[in-house]
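*Asks:* Heads up, this note's numbering is the position in the sequence shown plus 737, with the first residue counted as 1. Below are the structure tokens for one structure; questions will follow.
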Amino acid sequence: MTQSQNNGSVTSAGAGERVTVAVYAPDPILHVGVVHQLRQRPEIELVDVADGAQVSLVAVDSVDDETAALLYRLRHDSSTRTGLVVGTFESGDALQRAIECGVTAVLRRSEADQDRLLRLVLAIANGEGVLPGDLLAKLLDHVGSLQRSPLDPHAVSLSTLTAREADMLRLVSEGLDTAEIARKTSYSERTVKNVLSEIITRLHLRNRTHAVGYALRNGLI
Numbered sequence: 738m739t740q741s742q743n744n745g746s747v748t749s750a751g752a753g754e755r756v757t758v759a760v761y762a763p764d765p766i767l768h769v770g771v772v773h774q775l776r777q778r779p780e781i782e783l784v785d786v787a788d789g790a791q792v793s794l795v796a797v798d799s800v801d802d803e804t805a806a807l808l809y810r811l812r813h814d815s816s817t818r819t820g821l822v823v824g825t826f827e828s829g830d831a832l833q834r835a836i837e838c839g840v841t842a843v844l845r846r847s848e849a850d851q852d853r854l855l856r857l858v859l860a861i862a863n864g865e866g867v868l869p870g871d872l873l874a875k876l877l878d879h880v881g882s883l884q885r886s887p888l889d890p891h892a893v894s895l896s897t898l899t900a901r902e903a904d905m906l907r908l909v910s911e912g913l914d915t916a917e918i919a920r921k922t923s924y925s926e927r928t929v930k931n932v933l934s935e936i937i938t939r940l941h942l943r944n945r946t947h948a949v950g951y952a953l954r955n956g957l958i
């Protein structure tokens, strides 16, 4: 992932090609603002989220569980790359969480004018990683502190995830709810809830999304 540049000319993803973009934002006012900025640019073709897009642009205040679940779903869509326009990262862990969710480029909401949004979208379409310099330093510091910390006491327990547990976490990461997981795995909804609850309790995690992030971080799904 490279440090973003706030100056310089904008180059297109391909000569004469328009980049298709789908905008995801829980706040309707924020959604309208991002769409309005991008709609004015001839390099961009806005499409409905259901139609698929080269670039999925997620605009939020912060990366909460709902946002993480959306990012996980987009991560498993090989046809799109994901960028994040975010108000703030409350911690290095939140930033790492976004990267683990498949985000390849980040822009702060306070800096999201039309030109920067366009540069972000074109960089994502070209397969480039974009991260403001201070956030890159924050991420590196956070990862470094994790590497310097004692071995995670949960690591042994995590390595003993059963195939069923790993499968269910993988389905959670794809955005499936309890009923959908039950249909996919041929287990009852009660069994699905019990299995996921057992994972969360055993590993001392907060919720399903936290469990998925933990498993991803340790290479289990």
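Heads up, the beta-carbon is just placed ideally off N, CA and C, and yes, glycines get one too. The structure displayed is predicted, hence computed values, not measured ones.
Just to confirm my understanding: we take residue 776, look at its own chain, exclude 5 residues before and 5 after, and list those with CB closer than 7 Å. What are they?
*Replies:* For residue 776, where only same-chain residues beyond five positions count, the Cβ hits under 7 Å are 783.
*Asks:* Is residue 810 near the ligand MN, going by C-beta to nearest heavy atom under 7 Å?
*Replies:* You won't find the ligand MN in this model; it holds no ligand whatsoever.
*Asks:* Quickly, what does DSSP pair residue 845 with across the bridge? List them, please.
*Replies:* Looking at the DSSP assignment, residue 845 forms a beta bridge with 823.
*Asks:* Assign residue 947 to one of three DSSP states: helix, strand, or coil.
*Replies:* In the structure shown, residue 947 sits in a helix (DSSP, three-state: H, G or I).
*Asks:* Within its chain, find whatever has a CB closer than 7 Å to the CB of residue 954; leave out the 5 residues flanking it on each side and keep chain order.
*Replies:* 837, listed in sequence order.
*Asks:* Between which two residues does the alpha helix (DSSP H) containing residue 793 stretch?
*Replies:* Premise fails: residue 793 lies in the beta strand (DSSP E), 792 to 797, not in any alpha helix (DSSP H).
*Asks:* For the segment 932 to 941 and the segment 897 to 911, state whether three or more C-beta atom pairs, one from each stretch, are separated by less than 8 Å.
*Replies:* Yes, they touch.
*Asks:* For residue 800, tell me which candidate among 940, 786 and 845 has the shortest Cα-Cα distance.
*Replies:* Among 940, 786 and 845, the Cα nearest to that of residue 800 is on 845.
*Asks:* Straight-line CA distance for residue 917 to residue 754?
*Replies:* Taking the straight line from one Cα to the other gives about 38 Å.
*Asks:* Where DSSP assigns a beta bridge to residue 757, which residues make up the other side?
*Replies:* In the DSSP output, where bridge partners are listed per residue, residue 757 has 782.
*Asks:* Give the C-beta separation of residue 946 and residue 805 to the nearest angstrom, bearing in mind that I take them to be a contact with Cβ-Cβ under 8 Å.
*Replies:* Residue 946 to residue 805, Cβ: 5 Å. Contact.
*Asks:* Starting from the Cα of residue 855, find the closest Cα among 808, 811, 910 and 793 and give me that residue.
*Replies:* That would be 793, whose Cα lies nearest to the Cα of residue 855.
*Asks:* Helix, strand or coil for residue 868, going by three-state DSSP, please let me know.
*Replies:* Correct three-state label for residue 868: strand.
*Asks:* Quick one: is residue 925 buried, meaning 16 or more other Cβ sit within 10 Å of its Cβ, or exposed?
*Replies:* Classification of residue 925: exposed, given that the 10 Å Cβ count is below 16.
*Asks:* Grouping DSSP H, G and I as helix and E and B as strand, with all else coil, what is residue 840?
*Replies:* If DSSP states are grouped into helix, strand and coil, residue 840 belongs with the strands.
*Asks:* Taking buried to mean at least 16 other C-beta atoms within 10 Å of its own C-beta, is residue 769 buried or exposed?
*Replies:* Exposed, since its Cβ has fewer than 16 Cβ neighbours within 10 Å.
*Asks:* Please classify residue 825 as buried or exposed, where buried requires at least 16 other C-beta atoms within 10 Å of its C-beta.
*Replies:* When all chains shown are included, residue 825 counts as exposed.
*Asks:* Taking 8 Å as the threshold (C-beta atoms), are residue 842 and residue 864 in contact?
*Replies:* Result no, Cβ atoms of residue 864 and residue 842 do not sit closer than 8 Å.
*Asks:* Could you pull out every residue in the same chain whose Cβ sits closer than 6 Å to the Cβ of residue 949, ignoring the five residues on either side in sequence?
*Replies:* Same-chain partners within the cutoff: 906, 909 and 910.
*Asks:* Looking at residue 849: is its Cβ nearer than 8 Å to the Cβ of residue 822?
*Replies:* For residue 849 and residue 822, yes; Cβs fall inside 8 Å.
*Asks:* Could you please give the first and the last residue of the uninterrupted alpha helix (DSSP H) stretch that includes residue 767?
*Replies:* Looking at the DSSP string, the run of the alpha helix (DSSP H) that includes residue 767 is 765 to 776.
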